[in-house]
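Under the working numbering, the first residue of the first sequence is numbered 3, with each subsequent residue one higher.
Glycine included, every Cβ here is placed at the ideal spot set by N, Cα and C.
Beneath this line is the structure, given in structure tokens, with notes to follow.
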Amino acid sequence: MSNLRLVTWNVNSVRARLGHVEQFVKEASPDILCLQETKVMDNEFPLKAFEKMGFAHHVIAGQKSYNGVAIFSKRPFTQGEAPLWCGKDDKRHLAITLENGVEINNFYVPAGGDVPDVAVNDKFAHKLDFMTEMTDWFAKRKHKDNRLILVGDLNVAPFESDVWNHKQLLKVVSHTPIEVEHMDRIYASHDWVDVMRHFTPEPEPLFSWWSYRSPNWEVADKGRRLDHVWVTPALKPHLSAMSIHKGPRGWEKPSDHAPVVVDFDL
DNA sequence: ATGCCGTATGATATACGA
């Protein structure tokens, strides 16, 4: 058993945030770094900077302007299976398997647009379909011995204490009941453990995202928990710590998401 | 927070985020 530190962070452009990533990696020293919204094609990804940060292994999947995920690791891995979600090759998922057999899935679930109505908003329909496919995918692969980690920007804040004001956000995309139902089905698909709530149970507020549009983000604290770390039951005994790092959200020209750190004995 | 922000792009406006 040794310590494994995992970080998940929606950086909102890896090129715009490279300095922040370097600074945070220096501070937190993760063994595995899962990024979302890299917003860069693979041939333009600043890989050398990540090698200098000490990550000997990586897998990246980007496209121009939108989406994009990446996993950087100090430990060797093999790349895992990643289906075409909703039939689109829009670079929202990567999977790796470490030498100890632990599989890490890094997701960027569609944001869903503004209007929480599938009849008038294709983006919302895409989001719900994406979550349904995640449910089916993990249900199909379910096995009691599976040691899976699921991280990323899932773009849903499921619990009342995952948003700054439950009642005001019930009709706001990310906290609507239909999205929470879809997320509950993913939870059930593999008896997932919500690691962040394992360490910080309700009703303590827990946020990982604060809008750029809200001034005085830290004082107002109108946040939402959109970023998640889940594990399958076999990994629950190996959890040792979790923390959301608000520091980088306060740095100059920040991402609107804060990095989440989870420590395992693995 | 619906709002005045931020990132990206064949850009000086538009799409997208959530």
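Whether V71 touches T40 by CB criterion (8 Å) = A contact, by the Cβ cut-off of 8 Å.
task = Report yes or no: do three or more beta-carbon pairs, one from the stretch 44–56 and one from the stretch 162–174, lie closer than 8 Å?
result = With the cut-off at 8 Å, the stretch 44–56 and the stretch 162–174 do not touch.
Status (buried if at least 16 other CB within 10 Å, exposed otherwise) for G225 = When all chains shown are included, G225 counts as buried.
ask   = Quick one: what does DSSP say F161 is sitting in, helix, strand or coil?
value = Here DSSP, grouped into helix, strand and coil, assigns F161 to coil.
Selection from P235, I73, E204 and V158 that minimises the alpha carbon distance to P112 = Measuring from the Cα of P112, the nearest candidate turns out to be V158.
task = Determine which residues share a DSSP beta bridge with G154 and list them.
result = Beta-bridge partners assigned by DSSP to G154: F109 and H230.
ask   = Measuring CA to CA, which of G103, A63 and K90 is closest to F79?
value = With distances taken between Cα atoms, F79 lies closest to G103.
inquiry  = Going by the DSSP bridge assignment, what does A1 pair with across the sheet?
reply    = Within the shown structure, residues of the chain are numbered from 3 to 268, placing residue 1 beyond reach of any answer.
query = For the candidate residues R187, T234 and S245, whose alpha-carbon lies nearest to that of P203?
reply = Of the listed residues, the one whose Cα sits closest to P203 is S245.
query = For A7, which three-state DSSP category applies?
reply = Checking the displayed sequence, the identity of residue 7 turns out to be Arg instead of Ala. The answer is strand: DSSP assigns R7 an E or B state.
Span of the beta strand (DSSP E), counted from its first residue to its last, around L171 = Taken as a continuous stretch (DSSP letters only), L171 belongs to no beta strand (DSSP E), being part of the alpha helix (DSSP H) at H168 to L171.
request  = Using three-state DSSP, classify F266 as helix, strand or coil.
outcome  = It is a strand residue.
query = Could you check where the beta strand (DSSP E) with M43 kicks off and where it finishes?
reply = Note, M43: premise wrong, no beta strand (DSSP E); not H, not E.
Beta-carbon contacts of I188 that lie in its chain and below 8 Å, excluding the five residues immediately before and after = Cβ within range, chain order: M133, M136, T137, F140 and W194.
task = Could you name the residues that DSSP lists as bridge partners for F79?
result = Bridge partners of F79: L100.
message = Quick check on K238: buried or exposed, where buried means 16 or more other Cβ atoms within 10 Å of its Cβ?
response = Note on K238: under 16 other CB atoms within 10 angstroms of its CB, so exposed under the neighbour-count rule.
query = Is the stretch 13–21 touching the stretch 244–264 in the sense that three or more CB pairs, one from each, lie closer than 8 Å?
reply = Touching, per the Cβ criterion.
Alpha carbon of N69 to alpha carbon of R215, nearest angstrom = Cα-Cα distance, rounded: 21 Å.
key: Element boundaries [beta strand (DSSP E), containing S242]   = First-last of the beta strand (DSSP E) with S242: L241 to I246.
query = When you compare each of F57, V231 and A236 to V264 by their alpha carbons, which one comes out closest?
reply = Nearest C-alpha to V264: V231.
ask   = Given T99, which residues of its chain have a CB within under 7 Å of its CB, disregarding the five upstream and five downstream residues?
value = The residues are F79, T80, G82 and E105.
request  = Pull up the CB-CB distance for V182 and F126, whole angstroms please, since I reckon it's below 8 Å.
outcome  = In fact, because the Cβ distance is near 14 Å, the residues do not count as touching under 8 Å.
request  = Drop a sphere of 10 angstroms on the beta-carbon of K93, count the other beta-carbons inside from all chains shown, and report buried for 16 or more, exposed for fewer.
outcome  = Buried.
request  = If I'm right that Q38 touches D155 with Cβ under 8 Å, what's the distance once you round it to whole angstroms?
outcome  = Between Q38 and D155 a beta carbon distance of about 5 Å is seen, short of the 8 Å cut, so the two are scored as contacting.
ask   = Are the beta-carbon atoms belonging to K192 and K144 less than 8 Å from one another?
value = Looking at the sequence shown, residue 192 is not Lys but His. Yes. Within cutoff.
request  = Compare the beta carbon distance of R251 and W212 with 8 Å and say whether it is the shorter of the two.
outcome  = Result yes, Cβ atoms of R251 and W212 sit closer than 8 Å.
query = Whose CA, out of I180, F74 and A97, lies closest to the CA of D119?
reply = Here the closest residue by C-alpha is I180.
ask   = Which residues in the same chain have their Cβ closer than 6 Å to the Cβ of K248, if we skip the five residues on either side of it in sequence?
value = So the list reads A260, once near-sequence residues are dropped.
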